[in-house]
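S.K.: Take this structure first; my questions come after.
Protein chains in written order, with our numbering: chain X, 1026 to 1237; chain C, 1026 to 1237.
This is the structure we're talking about:
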């Protein structure tokens, strides 16, 4: 699976939207789907779609397209979504609640097993069927749950401290929704999510629409 | 400001993280910041940072860097974040609550003025100081608030219907957090947000870390 090293970040980021279109095609009973069909649905260039999908190793047939089931399995395999990622979430606020209720994640192998907070009003509650523990229990619970991923939705000023606690508890991958650039040891993976990025794109599109 | 037409999407998406670093430098009292310093902070190549920042029109001085205040103003101007984007949010669940409480947005010109829902348990409530109205009131309120942007956090099956109601009410830009590809008239801008994209990148990084 060394092909992944050659995949660019934009390609990886587009794969979930391809998967969504291809899974819809599967639900409609289609057995093949063309790159052009996927491109039309997502308003991308067909050449882009074919180039991106090449990283899965699945080859389309001329005039027929890609075999839907094979393509779905290949994308799941490429993204490692065919195995379960057991995660905990730290900061049990509204964003955590939204992520814990996001219906796509369990289907994509992401299982958020528990939330953690220091707020006595939140500790002991249940969000989407999962318990909220005090942050003091992080190390104990991460071990019991065999969780390897932590999702951080804490206030920025707590982010570095919480990240360090998570790493000491054995977490090796952090999905960081705070706006802090975390300092982590080299063997720990961090993916920073920035809700302002999409807003930036939208803002520039608005400006261009207004002809400024 | 025609330079914006030449800016790539990845460049635009990186601007908020540059802004964050540069604003931190301003808070620390710095008057100049080098491209290398920004690159180090964000783990990017200095050439990438300088290329991206060139679209703002601000030129750095050799061995001194970019003037911090001018650069901040130029990024705000480029992103149109120096004007107020009045928005409404449809679907008053946990994701809406998270977005309405996101502290970056008001500083970036995004003002979410009201939320809408059909759930009687939510209508009439106040989230982060803003009212939740019944969806029936959308047209009336969008006009009163002079809102031009709608943020959709509704369940997928309602997305197209709600988008059409928003457009009929005068909305010209939609920030779409559902996984539905919306059909809209050409003069309406849609930016689709996909939380699975970041998770896809994280998953591939985990797979590569594990040497698979």
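The beta-carbon is built from N, C-alpha and C at its ideal position, and this holds for glycine as well.
(1) Between the segment 1215-1227 of chain X and chain C, which residues of the former have CB atoms less than 7 Å from a CB of the latter, in chain order?
(2) Any idea which residues DSSP pairs residue 1136/X with across the strands?
(3) Which residues in the same chain as residue 1139/X place their Cβ atom closer than 7 Å to its Cβ, once the five residues preceding and following it in sequence are excluded?
(4) Could you check the C-alpha separation between residue 1028/C and residue 1048/X for me, to the nearest Å?
(5) If you pair each beta-carbon of the segment 1097-1104 of chain C with each one of the segment 1086-1104 of chain X, do three or more pairs fall below 8 Å?
(6) Does DSSP put residue 1216/X in a helix, a strand or coil?
(7) Name, please, each residue of chain X whose Cβ falls closer than 7 Å to the Cβ of residue 1042/C.
(8) Of all Cβ atoms in chain X, is any one closer than 8 Å to the Cβ of residue 1029/C?
(9) What does residue 1142/X pair with, by DSSP beta-bridge criteria?
(10) If the criterion is Cβ atoms closer than 8 Å, does the pair residue 1071/X and residue 1060/X meet it?
(11) Tell me, to the nearest whole angstrom, how far the beta carbon of residue 1126/C is from that of residue 1119/X; I am working on the premise that it is less than 8 Å.
(12) Can you round the beta-carbon distance between residue 1093/C and residue 1137/C to whole angstroms, since I take them to be within the 8 Å contact cut?
(13) Using C-beta distances below 7 Å, list every residue in its chain close to residue 1185/C, excluding the 5 sequence neighbours before and after it, in chain order.
(14) Mapping the DSSP letters down to three states, classify residue 1085/X as helix, strand or coil.
(15) DSSP three-state label for residue 1080/X, please.
(16) Mapping the DSSP letters down to three states, classify residue 1103/X as helix, strand or coil.
(17) 8 Å is my cut-off, CB to CB: does residue 1158/X come that close to chain C?
(18) With a 10 Å radius around its C-beta and 16 neighbouring C-beta atoms as the bar for buried, classify residue 1195/X as buried or exposed.
(19) Considering only their Cβ atoms, is the gap separating residue 1198/C from residue 1123/X smaller than 8 Å?
(20) Among residues of its own chain, excluding the 5 on either side of residue 1106/C, which ones have a beta-carbon nearer than 7 Å to its beta-carbon?
(21) Does residue 1035/X get closer than 8 Å to chain B when you measure Cβ to Cβ?
(22) Please report how far the alpha carbon of residue 1188/X lies from the alpha carbon of residue 1215/X, in whole angstroms.
(23) Between residue 1122/X and chain C, is there a C-beta pair that is closer than 8 Å?
M.R.: So, to answer that:
(1) 1216, 1218, 1219, 1220, 1221, 1222, 1223, 1224, 1225, 1226 and 1227
(2) 1111/X
(3) 1113, 1155, 1156, 1158, 1166 and 1170
(4) Below a pLDDT of 50, predicted positions are generally treated as unreliable, and residue 1028/C, at 43, falls in that range; the measurement from the model is reported next regardless. Between residue 1028/C and residue 1048/X, the C-alpha separation is close to 39 Å.
(5) no
(6) strand
(7) 1219
(8) Residue placement at residue 1029/C is flagged as unreliable, the pLDDT there being 44, under the threshold of 50; a coordinate-derived value is accordingly withheld.
(9) 1159/X
(10) yes
(11) 7 Å
(12) At roughly 29 Å, the Cβ-Cβ gap does not stay under 8 Å, so residue 1093/C and residue 1137/C are not in contact.
(13) 1205, 1207 and 1208
(14) coil
(15) coil
(16) helix
(17) no
(18) exposed
(19) no
(20) 1133 and 1134
(21) Checking the listed chains, one finds no chain B in this structure; the protein chains it contains are X and C.
(22) 10 Å
(23) yes
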